[in-house]
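Enquirer: I have a structure here, written as structure tokens, and I will follow up with some questions on it.
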């Protein structure tokens, strides 16, 4: 085996080992909330959706349609439970949510954008620290106590940064407080108010559940500690209905499945097709990038074909026996040469003037009168008004050649 072949095999083996190691290497967590159905990162919803799809008794689906589109498609002929989990502005959906809830549907809205919702429902909300990984990385992050308010008083410890907002419910508002969060300092005018995280309102024949911390409904809470117990308690409020979670109110950047590359890489057959394509392109570039030795073709020197062309034209005139035309060609050629060399034009109508005639006579050594008569006879013969014999043609052509040679 040649050294070149060994080198190629070594490169292929190393490249394959690199791909395998990269594929098996642990993925780096991205602590960015996306709530996307196909996002397996902590604040995505892939695990969250898969668990609920397997556990909800009347079904659980993830839709891309808006509430208006689902109403148009008659999704709500029978009562449904609809979940909207997002950190985006969904104020413009309040009317649709309240309308669907009044018709007997259960609407669960988990959002941190609570200004309009609090104003509509007559409640208030308080700010907590937003989730920033840089502020808790490498530190002993503070935890609070998330309580489910029922007879058994279930409780779970949750990082403070997960609860970005809490609700404050006045005593005059009729609602059911589902979950509260203790161990967090809030900027509230009422120091005795309970920091509520989830609350239920009766709207007509249905129910509206407002959750102030959408990060609770993600992969992280489903897999971290006893977070799945809180999700189970909350989903218990929806289990009597088919559940639909809509992703149409997330930002475009959060919907990672919109990327064409993501679509290719999320399925094993397509992913390996991409890998094999990349490997094929790499091998193609490797083998075709070498410099190829090519034979330099012999370029023949260009030949002057004017003489052959003149002979061809002359032979055509000779075959047609057009002596006058052949003489006209010869006269035009001779006149052009004389004009170029001496500046004298011998084809002037009416004969050559006296000045140019004596100048040409001096250059050629010919008698002026004989020269004038010769040029006149040649011009008349070249007009084709009478037949020019072969002997006359030969004589005139010889005379024109002598004029050029005598210069």
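Residue numbers (our numbering): -3 to 403. Where a beta carbon is used, it is the ideal one built from N, C-alpha and C, also for glycine. Since we're looking at a predicted model, the values are computed, not measured.
(1) By the 10 Å Cβ neighbour count, where 16 or more other Cβ atoms means buried, how is residue 253 classified, buried or exposed?
(2) Give the single residue among 394, 175, 264, 328 whose Cα lies nearest to the Cα of residue 228.
(3) So, with DSSP's three-state summary, where would you put residue 122?
(4) Can the beta-carbon of residue 218 be found closer than 8 Å to that of residue 39?
(5) Taking the straight line between their C-alpha atoms, what separation do you get for residue 357 and residue 293?
(6) Express the C-alpha separation of residue 280 and residue 232 in angstroms, rounding to a whole number.
(7) Which one or two residues does DSSP pair with residue 177 in a beta bridge?
(8) In this structure, what does DSSP give as the bridge partners for residue 268?
(9) Can you tell which of 144, 118, 209 has the C-alpha that lies nearest to the C-alpha of residue 166?
(10) Going by CA-CA distance only, name the one from 153, 112, 377, 301 that's closest to residue 208.
(11) Whole angstroms is fine: what's the gap from residue 139's alpha carbon to residue 159's?
(12) Kindly give me the distance between the Cβ atoms of residue 216 and residue 161, rounded to whole angstroms, as I take these residues to be in contact under 8 Å.
(13) Note the first and the last residue of the continuous alpha helix (DSSP H) segment covering residue 330.
(14) Please name the residue or residues paired with residue 202 in a DSSP beta bridge.
(15) What does residue 106 pair with, by DSSP beta-bridge criteria?
(16) Pull up the distance between the alpha-carbon of residue 94 and that of residue 20, whole angstroms please.
(17) Go ahead and label residue 251 buried or exposed: buried means 16 or more other beta carbons lie within 10 angstroms of its beta carbon, across all protein chains shown.
(18) So what does DSSP say about residue 152, is it helix, strand or coil?
(19) To which residues of the same chain is residue 324 closer than 6 Å at the C-beta, ignoring the five residues directly before and after it?
(20) What does the alpha-carbon distance come out to for the pair residue 301 and residue 384?
(21) Can you look up residue 227 in the DSSP assignment and give me helix, strand or coil?
(22) By the three-class DSSP mapping on this structure, what secondary structure does residue 263 have?
(23) Nearest to residue 72 by alpha carbon, out of 90, 96, 89, 61?
(24) Buried or exposed for residue 264, please, with buried defined as at least 16 other CB atoms from any protein chain shown within 10 angstroms of its CB.
(25) May I ask you to report which of helix, strand or coil DSSP gives residue 294?
Expert: A quick look at the data gives this:
(1) At residue 253 the pLDDT is 46, less than 50, meaning the model places this residue with poor confidence and gives no usable figure here.
(2) Of 394, 175, 264, 328, the residue nearest in Cα terms is 175.
(3) Residue 122 falls in the strand class under three-state DSSP.
(4) Not closer than 8 Å, so no.
(5) Using only the alpha carbons, I get a separation of about 55 Å.
(6) Per the coordinates, the alpha-carbon of residue 232 lies some 58 Å from the alpha-carbon of residue 280.
(7) Answer is 142.
(8) Paired residue(s): none; residue 268 is not in a bridge.
(9) Looking only at 144, 118, 209, the smallest Cα-Cα distance to residue 166 is reached by 118.
(10) Looking at the Cα atoms, 112 is the closest of the given residues.
(11) Each residue's Cα considered, the two are about 10 Å apart.
(12) That pair is no contact at about 17 Å.
(13) For residue 330, the uninterrupted alpha helix (DSSP H) run begins and ends at 319 to 338, by DSSP.
(14) According to DSSP, residue 202 bridges with 199.
(15) The partner list for residue 106 (beta bridge, DSSP) reads 81, 207.
(16) For residue 94 and residue 20, the distance between alpha carbons rounds to 48 Å.
(17) With a pLDDT of only 47 at residue 251, under 50, the local geometry of the prediction cannot be trusted, and the value read off the model is given with reservation. Counting Cβ neighbours within 10 Å, residue 251 comes out buried, since at least 16 surround it.
(18) In the three-state reduction of the DSSP assignment, residue 152 falls in the strand class.
(19) Excluding residues within five positions, the ones whose Cβ falls inside 6 Å are 378.
(20) Rounded to whole angstroms, the separation of the alpha carbons of residue 384 and residue 301 is 29 Å.
(21) Here residue 227 carries a helix assignment [DSSP, helix/strand/coil].
(22) Correct three-state label for residue 263: coil.
(23) Taking only the C-alpha atoms, the option nearest residue 72 is 96.
(24) Looking at its Cβ environment, which holds fewer than 16 other Cβ atoms inside 10 Å, residue 264 is exposed.
(25) Residue state, collapsed to three classes: coil.
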